[in-house]
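Q:
Right under this line is the structure:
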């Protein structure tokens, strides 16, 4: 008879499939697209490819070589640091001596949300998913019905991802989710989150009303992204219960929750906000009170440098590409379009950086002796608010669309802007884009640490 072939599977020849190369090319392109900047997924792909092309022993050797590359890589060390940093931030402390080890949280059995814009919708969705009954309040029936429709759509989408679906969330039950224009229905909530737009006078008016309406022990939270927590708290009769809970957009997706204590915020209030973050499956980070806190304060010089690069000759898609290839999930201009350019515009108007409050004769590209770019303001004046209007730094297929495409109108607008201000366009390479944006981010982080706004580098990272 014929001798038997090798019985061990590792000694058998690797079968050659006719379409294997085409399949591998497609898979590699997908990995590169999804793993922007990350080394491990690409090396994992190389290990799989070696298994299809080499004998077993050679494939294992190649896999070991690739593993050793990853083991000693800077990315491995960074990811290990990030893993432990994320777990360290729950051990918070304040300069006054309050800390996670001694502060006791209050129970949150029922919550209120004021404002059903983009942020409010996401916050309501997060609370419902955490099985916390919610009272959602708007200023009038028109905004309420619009917000209700958007929240229900979000919850339907979230329910589809869950086992048990809508029955699990039970969001059609008024005892779980109630929409109203009646402020008095907030009288029995344990916690209320204000999520109206960035206007100090409006926020103080709301908090003054909350102070009279809510029970004395209720936690009063503001979703402000930059405004002074102490000034907001001054409108209440119990400022110790006022705290910042800054969600990031979209609030039902983004895991970071910035928790900002004011001068009078009690340790129990901080502990309760941190407990809420845990219930919402978010990473709560406790920081001090300053304009922009940590997240937006660091983001401002980063985005500012990106806009300066446009002034000097670059394009939004070029800047975004460099930063996304480096490892950012989304570049600064795609991010701005997603969040809405009008949000920052209103904030700058409130600071007196743009609009009628700017003194006559102020140079267009200078504020308070510092370089300033009016480009984002000009886009807003043209009604270009980003995805919500179908055009911003990019063009979208429709208002509310998600697919960003480079916009010839914007390219022409940038050229005209440079001509108007006598700026000579120049070529800007990838290294300069990366360094200017990252170094601005890093330098602001060091300033925040030096001022004691964050208690450690882990809180920034």
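In the working numbering, the protein residues as written are 466 to 926.
Think of the CB as a built atom: it goes at the ideal place given N, C-alpha and C, for glycine as much as any other residue.
Find out if the Cβ-Cβ distance for the pair residue 767, residue 906 is shorter than 8 Å.
A: yes
Q: Write down the C-beta distance between residue 651 and residue 634 rounded to the nearest angstrom, noting that I regard them as a contact closer than 8 Å.
A: Actually they are not in contact, since the Cβ atoms of residue 651 and residue 634 sit about 22 Å apart, beyond 8 Å.
Q: Looking at the structure shown, is residue 809 part of a helix, part of a strand, or coil, going by DSSP?
A: helix
Q: Quick check on this structure: which residue in 475, 566, 579 has the alpha carbon closest to the alpha carbon of residue 523?
A: 475
Q: Which class does residue 583 belong to by DSSP, given the choice of helix, strand or coil?
A: helix
Q: Under a three-way DSSP split, which group does residue 658 fall into?
A: In this structure, residue 658 counts as strand in the three-state DSSP scheme.
Q: Among 680, 575, 516, which one has its Cα closest to the Cα of residue 479?
A: Among 680, 575, 516, the Cα nearest to that of residue 479 belongs to 516.
Q: Could you tell me whether the segment 722-734 touches the segment 705-714, using the rule of 3 or more Cβ pairs below 8 Å?
A: When Cβ pairs closer than 8 Å are counted between the two stretches, the segment 722-734 is seen to touch the segment 705-714, the count reaching three or more.
Q: What is the rounded straight-line gap between the Cα of residue 687 and the Cα of residue 660?
A: 7 Å
Q: Pick helix, strand or coil for residue 862, following the three-state DSSP scheme.
A: coil
Q: For residue 770, which residues does DSSP report across the bridge?
A: None, per the DSSP bridge assignment.
Q: When we look at the beta-carbon of residue 857 and count the other beta-carbons within 10 Å, is it buried (16 or more) or exposed?
A: buried
Q: Out of 590, 500, 526, 512, which has the shortest C-alpha to C-alpha gap to residue 623?
A: That would be 590, whose Cα lies nearest to the Cα of residue 623.
Q: Taking the C-alpha atoms as reference points, what is the distance between residue 529 and residue 548?
A: 24 Å
Q: Answer yes if the segment 747-759 comes into contact with the segment 914-922, meaning at least three C-beta pairs across the two stretches below 8 Å, and no otherwise.
A: yes
Q: Using a Cβ-Cβ cut-off of 8 Å (strictly less than) and excluding sequence neighbours within five positions of residue 678, which residues of its own chain qualify?
A: Once the five neighbours on either side are set aside, the close Cβ partners of residue 678 are 648, 649, 651, 652.
Q: So residue 577 packs on residue 593, CB below 8 Å; how close in whole Å?
A: In fact, because the Cβ distance is near 13 Å, the residues do not count as touching under 8 Å.
Q: For residue 782, does the count of other Cβ atoms within 10 angstroms reach 16, so buried, or fall short, so exposed?
A: buried
Q: Applying the 10 Å Cβ sphere with the 16-neighbour rule, what's the burial state of residue 473?
A: Counting other Cβ atoms within 10 Å of its Cβ, residue 473 stays below 16 and is therefore classed as exposed.
Q: Do you know offhand how far residue 676's Cα is from residue 606's?
A: Cα to Cα, the separation comes out at about 24 Å.
Q: Does residue 822 pass the burial test, meaning 16 or more other C-beta atoms within 10 Å, or should it be called exposed?
A: exposed
Q: Please list the segments of the beta strand (DSSP E) lying wholly inside the segment 695-753, counting only runs of 3 or more residues, in order along the chain.
A: 707-712, 721-725, 748-752
Q: Using a Cβ-Cβ cutoff of less than 7 Å, which residues in the same chain neighbour residue 866 once the five nearest sequence positions on both sides are dropped?
A: Spatial neighbours of residue 866 in its own chain (CB-CB distance under 7 Å, excluding positions within 5 residues in sequence) are listed in chain order as 852, 855.
Q: Count the other CB atoms, across all protein chains shown, that sit within 10 Å of the CB of residue 861; report buried if there are 16 or more and exposed otherwise.
A: buried
Q: Report yes if the CB atom of residue 891 is closer than 8 Å to the CB atom of residue 770, and no otherwise.
A: no
Q: Within 10 angstroms of the Cβ of residue 533, are there 16 or more other Cβ atoms? Answer buried if so, exposed if not.
A: exposed
Q: Could you name the residues that DSSP lists as bridge partners for residue 988?
A: Lying outside 466 to 926, the shown extent of the chain, residue 988 is not represented and no answer is given.
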